[in-house]
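What follows is a single structure, written as structure tokens, with notes after it.
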Amino acid sequence: MTADKHLRVMIVEDSLVLRQFLENVISQDSRLDVVASTASGEEALGLLSEVRPDVISMDIRLPGMDGLEATRLIMRQQPTPIVVLSASVDSESLQISMEALRAGALAVLEKPPGTGHVNYAAVAKALCTQLYIMSQVKVVRQRLTPYKKSAPLAVPESAPRLVPGNRSRLRMVGMAASTGGPKVFPTILNGLPEDFPLPILLVQHMGESFMAGFATWLDGICPQTVVVAKDGDIPRAGTVYVAPGDRHLALNGNSLRIVDGEPVCGQRPSATVLFQSMGRALGPRGLGIVLTGMGEDGAEGLLALRRSGGLTIAEDKTTAIVYGMPAAAVDIGAACVELPLHAIAGRIVREVTNGAR
Numbered sequence: 097m098t099a100d101k102h103l104r105v106m107i108v109e110d111s112l113v114l115r116q117f118l119e120n121v122i123s124q125d126s127r128l129d130v131v132a133s134t135a136s137g138e139e140a141l142g143l144l145s146e147v148r149p150d151v152i153s154m155d156i157r158l159p160g161m162d163g164l165e166a167t168r169l170i171m172r173q174q175p176t177p178i179v180v181l182s183a184s185v186d187s188e189s190l191q192i193s194m195e196a197l198r199a200g201a202l203a204v205l206e207k208p209p210g211t212g213h214v215n216y217a218a219v220a221k222a223l224c225t226q227l228y229i230m231s232q233v234k235v236v237r238q239r240l241t242p243y244k245k246s247a248p249l250a251v252p253e254s255a256p257r258l259v260p261g262n263r264s265r266l267r268m269v270g271m272a273a274s275t276g277g278p279k280v281f282p283t284i285l286n287g288l289p290e291d292f293p294l295p296i297l298l299v300q301h302m303g304e305s306f307m308a309g310f311a312t313w314l315d316g317i318c319p320q321t322v323v324v325a326k327d328g329d330i331p332r333a334g335t336v337y338v339a340p341g342d343r344h345l346a347l348n349g350n351s352l353r354i355v356d357g358e359p360v361c362g363q364r365p366s367a368t369v370l371f372q373s374m375g376r377a378l379g380p381r382g383l384g385i386v387l388t389g390m391g392e393d394g395a396e397g398l399l400a401l402r403r404s405g406g407l408t409i410a411e412d413k414t415t416a417i418v419y420g421m422p423a424a425a426v427d428i429g430a431a432c433v434e435l436p437l438h439a440i441a442g443r444i445v446r447e448v449t450n451g452a453r
């Protein structure tokens with residue numbers, strides 16, 4: 097792409113006032129051009145092949161076809177990077193937003209506040225930067241089968257089975273992702289048996305206001321109990337602890353710590369903070385996994401965990417939606433092994449099973 101080529105943005109927003117507002121915000125960025133601005137998902141689909149946007153700003157609550165269905169159809173017909181914008185964090189909007197991410201959208205953001213708001217400039221800049229960054233992601237056609245909490249994906253019959261209890265050397269699993277995480281976490285969690293005997297600590301880079309809804313959404317579609325981690329929690333087997341928004345999640349002895357701390361690699365919560373704490377607290381009893389995402393967060397932490405004797409996994413470039421975080425880990429020798437997404441759950445089960453024999 098040449099330096100003088102502007103990226104083509106399509107806006108999908110049913111409110112005329114908000115649509116014009118977004119047009120103004122985006123047009124102020126010299127990297128971006130608004131090539132289409134529509135009031136419905138149906139209109140967006142009709143214009144897609146004509147305007148061929150590089151990235152789409154998608155409202156989640158639309159008349160007729162909502163943003164989730166529009167995302168699904170776009171990802172089937174003409175895959176295009178999509179950034180979901182939500183003005184609300186009520187349970188229904190969050191559910192739609194999370195499903196849109198699983199359907200192929202790359203990020204979910206709150207809509208920018210009005211120009212008179214104290215944070216307007218920073219939020220507007222962040223939105224434009226997200227649109228610019230996400231436009232660079234190569235997306236592919238998506239065909240999804242709904243997950244059901246009552247019917248988790250089965251581990252293949254050929255995979256080793258867990259024995260009652262946990263006599264494995266492993267005591268805890270840590271996983272981290274950024275862009276694409278809401279799509280890959282359910283794949284791994286639904287690939288683990290319902291009696292999985294380890295706690296799981298999870299870091300997802302996402303806006304603070306969306307984290308509780310993200311945890312609730314995961315809890316509804318995965319066999320494990322999923323909660324937002326609290327300071328002082330004692331991790332329990334078969335429970336997933338999600339780092340809260342804008343706070344680091346760390347392991348301190350046998351309990352969880354929620355700490356303010358400075359951002360690490362530009363992120364809070366940071367995967368590096370989590371993995372470093374696992375290395376200190378668990379040594380060879382920890383398992384850390386870095387999944388899809390932009391940037392380098394998690395790499396140094398995973399290296400610390402590996403040096404302490406822990407097992408470390410990076411998602412392979414053949415399946416990572418964004419091969420940034422895994423690549424950073426591989427480049428510095430932090431990963432014991434690289435695995436495609438569909439092989440990670442089975443490897444976790446084998447490590448727990450083999451260690452228990």
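Under this note's numbering, the first residue of the sequence shown is numbered 97, with each subsequent residue one higher.
Beta carbons: idealized from backbone N, C-alpha and C, even for Gly.
N- and C-terminal bounds of the alpha helix (DSSP H) containing Asp315: 307 to 317
Close-in-space but distant-in-sequence residues of the same chain around Met271 (CB under 6 Å, 5 per side omitted): Cβ neighbours of Met271 beyond the five flanking positions: Leu298, Ile385.
Run of the alpha helix (DSSP H) containing Thr167, from where it starts to where it stops: 163 to 173
Run of the alpha helix (DSSP H) containing Gln300, from where it starts to where it stops: First-last for Gln300: 296 to 300, but that is the beta strand (DSSP E), not the alpha helix (DSSP H).
Cut-off 6 Å between Cβ atoms - residues of its own chain near Pro422, not counting five sequence neighbours on either side: Val386, Ala410, Glu411, Ala416
Sequence-distant residues of its chain with Cβ nearer than 8 Å to Pro282 (five each side left out): Within the same chain, and ignoring the five residues on either side of Pro282 in sequence, the residues whose Cβ sits closer than 8 Å to its Cβ are Arg198, Tyr243, Leu314, Ile317, Cys318.
Under 7 Å between C-beta atoms of Leu181 and Asp110: no
Under the three-state DSSP convention, the category Glu139 falls into: helix
Proximity of Pro177 and Val151 at Cβ, strictly below 7 Å: yes
Nonlocal neighbours in the same chain, by C-beta distance under 6 Å from Gly334, ignoring five residues either side: Cβ within range, chain order: Phe292, Gln320.
Of the residues Lys221, Ser123, Asn286, the one placed nearest Val336, counting alpha carbons only: Measuring from the Cα of Val336, the nearest candidate turns out to be Asn286.
Close beta carbons around Ile192, own chain, < 7 Å, minus the five adjacent residues each side: Ile156, Asp162, Gly163, Leu164
Option nearest Met194 by Cα separation, candidates Leu143, Met307, Met268: Met307
Pair within 7 Å by beta-carbon distance, Gly328 and Ser351: Result yes, Cβ atoms of Gly328 and Ser351 sit closer than 7 Å.
Boundaries of the beta strand (DSSP E) in which Gly384 is found, first to last residue: Counting along the chain, the unbroken beta strand (DSSP E) around Gly384 starts and ends at 382 to 386.
Own chain, CB closer than 7 Å to Leu437, minus 5 neighbours either side, in chain order: Val280, Thr283, Glu411, Thr415
Whole-angstrom distance between Gly142 and Ala132, CA atom to CA atom: 11 Å
Of the listed residues Cys361, Pro380, Val324, nearest to Arg353 (C-alpha basis): Val324
Limits of the beta strand (DSSP E) - the one that Met390 falls within: Looking at the DSSP string, Met390 is not in any beta strand (DSSP E), and its letter there is neither H nor E.
Rounded C-alpha distance that separates Val322 from Ala311: 6 Å
Pro295, buried or exposed, once every other Cβ within 10 Å from all chains shown has been counted against 16: buried
Member of Ala441, Gly397, Val448 whose CA lies at the smallest distance from the CA of Ala430: Gly397
Beta-carbon separation (whole angstroms), Ser153 vs Ile107, contact threshold 8 Å: Sure, about 5 Å apart at Cβ, within 8 Å.
Of the residues Asp393, Gly442, Ser123, Val445, the one placed nearest Ala424, counting alpha carbons only: Asp393
Straight-line gap, Thr211 to Gln124 (C-alpha atoms, nearest Å): 13 Å
Whole-angstrom C-beta distance between Thr449 and Cys432, which should lie under 8 Å: About 18 Å; that fails the 8 Å criterion.
Check whether Leu347 and Ala377 have beta carbons under 7 Å apart: yes
Endpoints, alpha helix (DSSP H) assigned at Tyr337: No alpha helix (DSSP H) holds Tyr337; the beta strand (DSSP E) holding it covers 335 to 338.
7 Å CB neighbourhood of Thr167 in its chain, flanking five on each side removed: Met154, Ile178, Ala196, Ala199, Gly200, Ala201
Helix, strand or coil at Leu258 according to DSSP, with G and I counted as helix: Low per-residue confidence applies at Leu258: pLDDT is 40, beneath 50, and the placement is therefore not dependable enough to give any value.
Inter-residue Cα distance where the pair is Glu434 and Val426: 8 Å
Bounding residues of the alpha helix (DSSP H) (the contiguous stretch that carries Leu322): Note that residue 322 corresponds to Val in the displayed sequence, not to Leu. Here Val322 belongs to no alpha helix (DSSP H); instead the beta strand (DSSP E) covers 321 to 324.
The beta strand (DSSP E) enclosing Val179, as first and last residue numbers: Counting along the chain, the unbroken beta strand (DSSP E) around Val179 starts and ends at 178 to 182.
Three-way DSSP call (helix, strand, coil) for Gln124 in this model: coil
Ala367 to Cys361 span [Cα, whole Å]: 9 Å
Collapsed DSSP secondary structure at Glu358 in the structure displayed: coil
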